[in-house]
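Note sheet for the following structure.
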Amino acid sequence: MSKAEIILYQSEDSSTKLNVRLEQETVWLTQAQMAELFDTTRNNITLHISNVFKEKELEKFSVSKDSLHTAKDGKKYKTKFYNLDVIISVGYRVKSQRGTQFRIWANKILKEYLLRGYVL
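Quick note, in this note's numbering, the sequence shown goes up one by one and the last residue is 317.
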């Protein structure tokens, strides 16, 4: 991925802080970041992503990319990133308190947009 901008996401209660990759008019997260966002395990995220692709809800090659990611040890590793479409799909499948908060938030945004044509 080139020309990526990194933005900081912070949950309302400040318990979760993520560096989010913004590129090609969407956000990109790794499985580990999604696990942190939805307060669940990476294995759970992997399962949900696999089901999203198996059920043909999304096409794998149009919503995921490999990129070099610098780890805490300073080394660069090839890492798969998933775009907002995957994040939303997983958010609607995860059974956690944070997943529920995400669904409430997403439904509110969608409802406002449908009723008003814009969101504040």
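All C-beta atoms in this analysis are idealised placements derived from N, C-alpha and C, irrespective of residue type, glycine included.
Which residues DSSP lists as bridging residue i, in chain order
i	result
Leu219	Glu202, Val224
Spatial neighbours of residue i in its chain, beta-carbon cut-off 6 Å, leaving aside the 5 residues before and after
i	result
Thr267	Lys273
Val224	Val217, Leu281
Inter-residue Cα distance where the pair is residue i and residue j
i	j	result
Ile301	Phe235	13 Å
Arg218	Thr276	13 Å
Asn241	Tyr310	30 Å
Met198	Ser264	Its pLDDT being 43, under 50, Met198 is placed unreliably in this model, and the value from its coordinates should be taken loosely. Answer to the nearest angstrom: the Cα atoms are 6 Å apart.
Phe299	Ser293	10 Å
Glu254	Ser211	32 Å
Glu252	Val291	16 Å
Thr295	Val249	One point to set straight first is that residue 295 is Arg, not Thr, in the sequence displayed. When rounded, the distance between both Cα atoms is 19 Å.
Thr213	Gly314	30 Å
Thr297	Lys308	16 Å
Residue i beta carbon near the ligand COA (any heavy atom closer than 7 Å)
i	result
Val291	For the ligand COA, the structure offers nothing, since it holds no ligand at all.
8 Å Cβ shell around residue i - same chain, five flanking residues per side excluded
i	result
Ala232	Thr238, Arg239, Asn241, Ile242
Thr227	His266, Thr276, Lys277, Phe278, Tyr279
Close beta carbons around residue i, own chain, < 7 Å, minus the five adjacent residues each side
i	result
Gln230	Leu215
Asn304	none
At least 3 beta-carbon pairs within less than 8 Å: the stretch 273-282 vs the stretch 250-263: yes
Beta strand (DSSP E) runs wholly inside the stretch 227-314, at least 3 long, in chain order: 261-267, 273-280
Validate contact between the stretch 235-251 and the stretch 283-292 using beta carbons, cut 8 Å, 3 pairs: yes
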